[in-house]
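Each residue of the sequence shown is one higher than the last, beginning at 17 in the numbering used here. Where a beta carbon is used, it is the ideal one built from N, C-alpha and C, also for glycine.
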Amino acid sequence: VVERWKVAGAASGKAGGFLAKGWGSGPTEALHQVGFELHKKLAQELKMKSFRHLPTLNVSTGGRKMKGAASKCKWLDGHVSGCKMMDPNTAQVTPVEITNAMMKCAQDNGAKLVMGKATG
17 VVERWKVAGA ASGKAGGFLA KGWGSGPTEA LHQVGFELHK KLAQELKMKS
67 FRHLPTLNVS TGGRKMKGAA SKCKWLDGHV SGCKMMDPNT AQVTPVEITN
117 AMMKCAQDNG AKLVMGKATG
């Protein structure tokens with residue numbers, strides 16, 4: 017593995033880290049489902065602290081207030097007109113943690129880490 021200055025020092029360590037099991041459709045549907053389960057398994061095997069299931073909510077702030085909307089999102093301040101569960105099968109992981117954990121696992125299995133620049 018060639019890294020310019022450190023593992024997860026650029027895009028791989030700064031990505032969103034949001035995982036959604038059922039948000040794919042058509043040709044990507046299976047990839048979303050398998051990828052979600054793979055991240056869950058990797059988090060357990062690599063003893064990652066940042067992986068966590070969290071529900072995704074759909075929150076509306078404009079318009080007329082719907083009955084019970086604010087009670088579902090008590091932690092939000094300001095006007096909440098609507099709040100509903102969008103997807104219970106979502107998760108989050110800190111990208112720098114998973115990238116470093118995977119690099120350590122690769123090194124433990126014989127991979128070499130080279131600091132440098134690939135050219136040509």
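Apart from the 5 residues on each side of it in sequence, Val18 sits with its Cβ closer than 7 Å to the Cβ of Val130, Gly132, Ala134 in its chain, given in chain order.
Here Cys99 is buried: its Cβ has 16 or more other Cβ atoms, across all protein chains shown, within 10 Å. Separation of Gly33 and Gly25 (C-alpha to C-alpha, rounded to the nearest whole angstrom) is 15 Å. DSSP places Val109 outside any alpha helix (DSSP H), giving it a letter other than H or E. No Cβ-Cβ contact shorter than 8 Å links Leu70 with Thr110.
His48 is positioned such that its CB atom lies closer than 8 Å to that of Gly40. Nearest Cα to Lys37 within the set Ala59, Glu45, Lys30: Glu45. Within 10 angstroms of the beta-carbon of Ala117 lie 16 or more other beta-carbons, which makes it buried. For Ala24, there is no enclosing beta strand (DSSP E), as DSSP marks it with neither H nor E.
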